[in-house]
């Protein structure tokens, strides 16, 4: 019960109420603008990973190895990729290149595609079909696996492609479903260690005895975890065979 | 109030309302989408698709927060009532912004896979047994479904078809949507934040909604009469003012608006037949009780809208007992005429005494 101005939608706004409503309009529009600015400028840096289209298409030759995820150990490089380098391979989108790489396991092959790079981690997104991966002439040198012992590591399981720069940001819990989709599509998984391991921050992570990453590990993707497993050096790439029974979420 | 359905019964105030809200939303989105990437200067930048998804998602949350603050703010201070007037349009805008957010997410995170993106959305993350890593997308899907239901049924056609009580209960889904959005944000983007400014803004927004609702509830808590079926005290006659009402809560939770018009008292339901707006917070204009929300009008003696309109609200019986106006808690059928209760002549004060 009051004599204050009474607003009826289909009638002109009472005079004394106009100033108040005008103030509310200014506050509303200004507040929304300010909220947009503050929320926008406080987003975190997604990190250095990116597609390196500026490098152009890269073509090298090397030995294909199924770890079980497809890796190539370079024997004949170019200006950017040197012999002795090892890197993972993937196809366009959320797909791996397993079906193309398996017939060439242990053989010499020529690969061609675009590099994704994040610090020491790099991966090649191959061109489609035989343009991206085809057998090469010559004898393939034997790739010797060098066991490095059992290690307990702390860090995060990610899909290698998004982490390497296909998505920015490409890690974290908000990205978990996307990472799972990539892993289900055979994109190689990567473990991002909180401490350098044998000089490396990124390790290819697999299941025990050369199996694929077990489904049990998918629940822990994008979480900060501690787990144990055997590390093997293959070329200049570290492969960690995670023991899923030892996985613990780290607070 | 209307005798026929038209898509929107536009008037000048609605145009202004929608214009202001659109300007606010446009300002938010334009600054987030086009200004902040320049300010951030990350090299390489956040993916445009992710940046856009965040912009629309954050905007939808802020819009929902504003929507839920308008109601209690108007109950605490009636000067905010005009913000309630066209809130449905703001709600529909929110739904479109939320759909855009969902579109960016679906066509980025769940695209490029051999799986159908809608199927991928549902099965990619099945970690239901844990809090960290829980598929928070499900909360977003639920909130979006709620918003779609609310936007679809926001038109007066649905109000009439479903009846106001059912429509009103259905539209309480906005609270389910908000809680779901809060869970979506808490288990999603907040888990990855290094910069906690957004977290702070999220908490401030959610706290504003909770505090305003508690404050409105506290200010309106009434001492409902304990006796069921008995006459309920309203107020002494001198407490009434011409053209205004006093609101009384009945034991069953309903509220009655007792109006003084032309020296006589009449009681009608406090809930407007349109959207359950608080009729007792309105006033008499042109001999008709006028709802403060959308201006629906009723004859206070019969609870009927003037012809050709057909809306009706229940009426109540009044009596004067021991110098106190009382209302009977049993409602008459909507539109039932009740003779108004004349107020006794005020006893003139003796000369020289203070009024």
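Residue numbers (the working numbering), protein chains in the order written: chain B, 227 to 477; chain R, 74 to 428.
Glycine included, C-beta positions come from ideal geometry on N, C-alpha and C.
Buried or exposed: where does residue i fall if 16 or more other Cβ atoms within 10 Å of its Cβ makes it buried?
| i | result |
| --- | --- |
| residue 425/R | With a pLDDT of only 43 at residue 425/R, under 50, the local geometry of the prediction cannot be trusted, and no value is derived from it. |
| residue 325/R | exposed |
| residue 360/R | exposed |
| residue 355/B | exposed |
| residue 400/R | buried |
| residue 161/R | buried |
| residue 309/R | exposed |
| residue 421/B | exposed |
| residue 347/R | buried |
| residue 240/R | buried |
| residue 182/R | buried |
| residue 315/B | buried |
| residue 378/R | buried |
| residue 249/R | exposed |
| residue 198/R | buried |
| residue 319/R | buried |
| residue 332/B | exposed |
| residue 370/R | buried |
| residue 455/B | buried |
| residue 394/B | buried |
| residue 445/B | buried |
| residue 290/B | buried |
| residue 349/R | buried |
| residue 283/R | exposed |
Name the DSSP beta bridge partners of residue i, please?
| i | result |
| --- | --- |
| residue 237/R | Answer is none; residue 237/R lacks a bridge partner. |
| residue 371/R | 362/R |
| residue 384/B | 416/B |
| residue 426/B | 423/B |
| residue 450/B | 382/B |
| residue 342/R | 329/R |
| residue 305/R | 400/R |
| residue 375/B | 457/B |
| residue 467/B | 432/B and 456/B |
| residue 334/R | 337/R |
| residue 320/R | 330/R |
| residue 351/R | 344/R |
| residue 37/R | Since the displayed chain R opens at 74 and closes at 428, residue 37/R lies outside it and no answer follows. |
| residue 361/B | 335/B |
| residue 240/B | Residue 240/B is not bridged to any residue. |
| residue 281/R | None, per the DSSP bridge assignment. |
| residue 356/R | 363/R |
Going by Cα to Cα distance, which pick from the options is closest to residue i?
| i | options | result |
| --- | --- | --- |
| residue 352/B | 297/B, 475/B and 241/B | 297/B |
| residue 349/B | 236/B, 455/B, 250/B and 285/B | 285/B |
| residue 375/R | 405/R, 393/R and 396/R | 405/R |
| residue 356/R | 334/R, 348/R, 347/R and 346/R | 334/R |
| residue 87/R | 236/B, 241/B, 242/B and 240/B | 236/B |
| residue 415/B | 438/B, 402/B and 386/B | 386/B |
| residue 372/B | 262/B, 441/B and 464/B | 464/B |
| residue 386/R | 415/R, 344/R and 398/R | 344/R |
| residue 254/B | 144/R, 213/R, 94/R and 107/R | 94/R |
| residue 392/R | 307/R, 287/R and 407/R | 307/R |
| residue 308/B | 462/B, 468/B, 243/B and 472/B | 462/B |
| residue 359/B | 324/B, 453/B and 411/B | 324/B |
| residue 375/B | 467/B, 319/B, 267/B and 243/B | 467/B |
| residue 382/B | 305/B, 428/B and 364/B | 428/B |
| residue 260/R | 442/B, 338/B and 401/B | 401/B |
| residue 266/B | 397/R, 317/R, 204/R and 272/R | 272/R |
| residue 474/B | 380/B, 242/B and 418/B | 380/B |
| residue 191/R | 403/B, 251/B and 413/B | 403/B |
Give the C-beta separation of residue i and residue j to the nearest angstrom, bearing in mind that I take them to be a contact with Cβ-Cβ under 8 Å.
| i | j | result |
| --- | --- | --- |
| residue 344/B | residue 273/B | 7 Å |
| residue 168/R | residue 126/R | Incorrect: roughly 16 Å between the Cβ atoms, too far for contact. |
| residue 278/B | residue 342/B | 7 Å |
| residue 246/B | residue 365/R | Actually they are not in contact, since the Cβ atoms of residue 246/B and residue 365/R sit about 15 Å apart, beyond 8 Å. |
| residue 448/B | residue 399/B | 5 Å |
| residue 451/B | residue 476/B | 6 Å |
| residue 275/B | residue 390/B | 5 Å |
| residue 185/R | residue 322/B | Rounded, the Cβ-Cβ distance is 13 Å, inconsistent with contact. |
| residue 293/B | residue 460/B | 6 Å |
| residue 122/R | residue 177/R | 6 Å |
| residue 254/R | residue 205/R | About 19 Å; that fails the 8 Å criterion. |
| residue 156/R | residue 147/R | 7 Å |
Going along chain D, which residues have a C-beta under 7 Å from residue i?
| i | result |
| --- | --- |
| residue 98/R | This model lacks chain D altogether, as its protein chains are B and R. |
Run through the stretch 370-406 of chain R for me and flag every whole beta strand (DSSP E) of 3 or more residues, listed as ranges in chain order.
Considered as a whole, the stretch 370-406 of chain R harbours 391-394 and 397-400 as its complete beta strand (DSSP E) runs of no fewer than 3 residues, in chain order.
At 3 residues or longer, what runs of the beta strand (DSSP E) sit wholly inside the stretch 285-350 of chain B?
The beta strand (DSSP E) runs lying completely inside the stretch 285-350 of chain B and spanning 3 residues or more are 296-302, 312-316 and 334-344, given in chain order.
Complete alpha helix (DSSP H) runs within the stretch 121-167 of chain R (minimum length 4 residues, chain order)
You should have 121-149 and 154-158.
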